[in-house]
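Counting in the working numbering, the sequence shown tops out at residue 1448, every number present.
In this text, a Cβ means the ideal position worked out from N, Cα and C, and glycines have one as well.
This report refers to the structure that appears directly beneath it.
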Amino acid sequence: MKRIGLLTSGGDAPGMNAAIRSVVRTAIYFGMEVYGIERGYAGLIDDEFVPLEMRSVSDIVQRGGTKLRTARCLEMLTKEGQKQAVATLDKHKIDGLVVIGGDGSFRGAKVLSEEYGVPTIGIPGTIDNDLQYTDYTLGFDTAVNTCLDIINKLRDTMTSHERISVVEVMGRHCGDIALYSGIASGAEIIIVPEINFDMEDVVMKINRSRASGKHSNIIVVAEGVMSADQFAKQLQEVTEYTVRPTCIGHVQRGGSPSMADRMLAAQFGNKAVRLLCEGIGNRVVGIHKNEIIDMDIIEAVSMKKQFNYELYETLQMISM
Ligand code: ATP
């Protein structure tokens, strides 16, 4: 393998730049050339290739976002778009491709590998942590830390005014950001798409905590259930305490990656290139039980994300 391509696709996530750096430096170490493809599959189809050298990736390990930029590209869902993508790869004599993104991006990678024979390796880059085959995706840890920082600040003001804070976090259909930020911030209640909630039960928990001397409450709501505004409105109708909604929003997607995300990025990028070096394609890399792993793309994208009910029970037992 002499020349590889690299793109970031779907929603951006902190740690993508650190992964770009790791891919480029590892490839150069093994004597390969690297072309960055800007704006994900859109740039692949529209021929937006840039050579990446050792110094092209200096000073980005600590930056959020993605130097290559990212896009959602409907054309990649069509046969014409896919053929154009493969033609562009051929034009630049790209022997293998690394795709950093979420499950949608992996489906694109699967098409390139399976239907067009382009050896492709996927690196899981999404704050949502919604991929079952890997314990963590790149960006999740940083996003949760951003939520914690904001929830800590909300707790200060909510306690002073004896209010209830309803905090909306991202994650689409996956409740992991809500679960982890809820547990780590000491939130009393989390509302996630995986578990039905009952407003009477929420009110009962709030009343119980107030009766035991608590002066504020934090409720973390995953965006996949409803907005903070909607939840706060419903809750305000049935509680005597003042409720204040906060939507953390896109702040969760930015910021300097945490140590955990930088370490994942270094290892994922390195592993992806090593696989291509060995002539292995059609895989995704991940982490399971603290070990860097790789798995068939098709197997990985077909696994259904399982919610961690044990962690949820832990929250129920320690947050009151
Ligand atoms: P995030 O989890 O952050 O949203 P993602 O990678 O899941 O990231 P998507 O928008 O679902 O984000 O997918 C990114 C891009 O991957 C799409 O815009 C499209 O170009 C490509 N893609 C998604 N699904 C397919 C598919 N079935 N076939 C080919 N390409 C696809």
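Check: Residue of Pro1142, Ile1420, Gly1159 and Cys1375 minimising C-alpha distance to isoleucine 1132; Outcome: Gly1159
Check: Methionine 1182 (DSSP reduced to helix, strand or coil); Outcome: helix
Check: Identified DSSP bridge partners for cysteine 1375; Outcome: Glu1296
Check: Proximity of serine 1384 and glycine 1192 at Cβ, strictly below 9 angstroms; Outcome: yes
Check: Same chain, Cβ closer than 6 angstroms to histidine 1301, neighbours up to 5 away in sequence not counted; Outcome: Pro1321 and Gly1352
Check: Test item: CB-CB of methionine 1391 and valine 1366 under 9 angstroms; Outcome: no
Check: Supposed close pair threonine 1248, leucine 1259 - CB separation, criterion 8 angstroms; Outcome: The pair is not a contact, with the Cβ atoms about 16 angstroms apart (cut-off 8 angstroms).
Check: Identity of the residues DSSP links to leucine 1363 by a beta bridge; Outcome: Note: leucine 1363 sits in no beta bridge, so no partner.
Check: Three-state secondary structure assigned by DSSP to phenylalanine 1177; Outcome: strand
Check: Beta-carbon contacts of threonine 1262 that lie in its chain and below 7 angstroms, excluding the five residues immediately before and after; Outcome: Pro1252, Gly1414, Ile1415 and His1416
Check: Test item: CB-CB of isoleucine 1165 and isoleucine 1311 under 9 angstroms; Outcome: no
Check: Endpoints, the beta strand (DSSP E) within which cysteine 1134 is located; Outcome: Note that residue 1134 is leucine in the sequence shown here, rather than cysteine. Residues 1131 to 1136.
Check: With 16 other Cβ atoms within 10 Å as the buried cut-off, status of glycine 1139; Outcome: buried
Check: Proximity to leucine 1443 [Cα-Cα], best of Ser1313, Glu1406 and Gln1358; Outcome: Ser1313
Check: Cβ-based burial, threonine 1270 [other Cβ within 10 Å; buried from 16]; Outcome: buried
Check: Beta strand (DSSP E) segment containing valine 1413, residue limits; Outcome: 1411 to 1416
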